[in-house]
Amino acid sequence: MAGHSKWATTKHKKAAIDAKRGKLFAKLVKNIEVAARAGGPDVEGNPTLFDAIQKAKKNSVPADNIERAVKRGGGLDGDGVEYFPITYEAYGPGGVGLLIECLTDNKNRAASEVRVAVSRNNGNLADPGSVAFNFARKGVVVVKQSAADDMAILEATMDAGAEEVKDQGETWEVISEATDLVPVRSALQEAGIDYDSADLAFVPNVEVPLSVEDARKLATLVDAIEDLDDVQNIYDNADISDEVAAALAED
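The sequence shown begins at 316 in my numbering and counts up by one.
And the structure:
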């Protein structure tokens, strides 16, 4: 969940999936709770909840966990927890900028844990706005390349607001304005093209090329931040070349 780039693909290949699964489930369930709290538990009338549930299903979150999260978030039982969104900005190795999105029931805890993880792993927290200006909030729909080719995807989604289809190795990313996320996702469904996820995400305007050494350091930093329970998403503007990605894959 470290943004949308070749870097993300490389990182996911390197991740120990089984070890991360429990934390991933918890984050996806938290997203469902927050979506249900904000827009109500009716999936048909709450597209954000629909997308959160679809993403959880794609990642094999058990149906019972999903149902309980909808009920908690929608106020259908008394066990719901109120989570607060907060975003931290940081700089990593090589001057890469990072946006760290959290959902937390304790802002002081989240701030402390993020600060420690960043400072101990070759990073520095940044002033609000100093990193965010280099990112734009976009709709991002991820489609496996085995599901369709880029021209078919673009043809299906252009009228719905798709701006471009990015090649990310094993997946395509369909980029749109944030307000066009649901129409683009719906256009893919109508065309019979299966998709993995549909999210609002921060997409960098300018990327920073990294050496192999700095890319390794960034991997360590991102892993440390991702391990925090309150962290939902990390976005960066690292430009990982094919050569650097190949070197990382050999580690």
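The beta carbon of each residue, even a glycine, is placed where N, CA and C say it ideally should be. Given the structure is predicted, the values throughout are model-derived calculations rather than measurements.
- The beta carbon of V446 sits closer than 8 Å to those of E404, A405, Y406, G412, L413, L414, all from its chain and outside the five residues before and after it, given in chain order.
- Between A564 and V527, the gap from beta carbon to beta carbon reaches 8 Å or more.
- Of all C-beta pairs linking the region 521-536 to the region 545-564, three or more are shorter than 8 Å, placing the two stretches in contact.
- A Cβ-Cβ distance of about 5 Å is found for the pair Q547 and E416, placing them in contact under the 8 Å criterion.
- Separation of F450 and A516 (C-alpha to C-alpha, rounded to the nearest whole angstrom) is 9 Å.
- Partner residues in the beta bridge of E492, as assigned by DSSP, are K453.
- L536 sits in a helix when the DSSP states are folded into three classes.
- Between the alpha carbons of D514 and K532 lies a gap of roughly 27 Å.
- The region 476-494 makes no contact with the region 428-438, as fewer than three CB pairs between them are under 8 Å.
- N423 counts as exposed, since fewer than 16 other C-beta atoms from the protein chains shown sit within 10 angstroms of its C-beta.
- S512 carries a strand assignment under DSSP once its states are collapsed to helix, strand and coil.
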